[in-house]
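Read the structure below first, then the notes.
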Amino acid sequence: RILIPLGMKSTSFKPRADQRENLFQGHGFDGKPLPDVPTPTMIQGSGGLYSTANDILRWMAWHLDRASAKGAEVRLLDHAAYVQRDGLKTVYGLDESGHMDAMGLGWIVMMPEGNRPLILQKAGGLQGVFSYVAFAPTRGIAVFITISGPPTTSTESPEMNPTLARVIALPLTALSLLSVTGIASSARAADKMLQEAVDFNGAIMFLKFKVPGLVIGAVRNGEVAVAGFGRISDTSKAAPNADTVMRIGS
């Protein structure tokens, strides 16, 4: 009902044999590689999919296709905010990837603030592969980043758990990219710069986070761009690309 209509032929809970050579290898907080563990049935309702940048870009483009009547009702329901933060006594574990103003159907909703547009986003991780997806429906732009290990940055502080600080640094940086790029997206002429923006920001993140591998992709005004940095695994010198199979945590 989702994968086939969108043409997401490389997304499943079990990679094909021909995809194994291009499988993103995750790493633990100690930097050591982690084995690829099959997704158990009990968590398939919340995460554990394998996908590629090409497929994720197709999925993101569907979310941004607001002018199309096909799937319009589903998009409206999917992007709606169902639980507002205002009035809740306790909010725990929902601000790590950006301040939660409301909850949608799995999406963390961040209301517009200053130059930042309305953003729906979600972060997740499984077996040492961390992913983040965020999109601004009113700006027609979406960004995703996947890394093959926890990032190491200088943002850690004595007041914050260092493990948590390393993980949340990724989506916080992505949100900054989304906000800036989203403003530029109002001008159609800026679309030709999408690949340059993805390449530049991806390189900065890869150097900053010091991870084994990083894949970044973006959709804007119907155009897509993807870039890969580092290596697919400890046993391969190949850089990840649009067809690299990545684990999606949730």
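Just add 817 to wherever you are in the sequence shown, counting from 1, and you've got the working numbering.
Backbone N, C-alpha and C define an ideal beta-carbon position, used for all residues, glycine too.
Measuring C-alpha to C-alpha distances from M825 to each of V891, T869 and H844 identifies T869 as the nearest.
P822 sits in a helix when the DSSP states are folded into three classes. In the three-state reduction of the DSSP assignment, R1048 falls in the coil class, being assigned neither a helical nor a strand state. Per DSSP, reduced to three states, the secondary structure at K939 is strand. Closest option to M920, judged by alpha-carbon separation, among H880, H896, I1021 and V1043: H896.
Between P967 and F846, the beta carbon gap of about 5 Å places them in contact (Cβ cut-off 8 Å). Cβ-Cβ distances below 8 Å link L935 to V926, M927, M928, P929, A953, P954 and T955 in the same chain, with the five nearest sequence neighbours on each side left out; the list follows chain order.
DSSP, read as helix, strand or coil, puts H844 in strand. Per the Cβ contact rule, the segment 1016-1028 is not in contact with the segment 845-859 (fewer than 3 Cβ pairs under 8 Å).
With respect to M1063, S914 sits apart: the two C-beta atoms are not nearer than 8 Å. Per DSSP, L894 is not a residue of any beta strand (DSSP E); the alpha helix (DSSP H) it occupies stretches across A889 to H896. The three-state secondary structure of L1031, taken from DSSP, is strand. Counting every other CB atom within 10 Å of its CB across the protein chains shown gives V908 a total below 16, marking it as exposed. Per DSSP, reduced to three states, the secondary structure at F830 is coil, with no helix or strand assignment. The straight-line gap separating the alpha-carbon atoms of Q1012 and Y899 is approximately 35 Å. Taking the Cβ atoms as the reference, I1033 lies roughly 11 Å from G1047, outside the contact range of under 8 Å.
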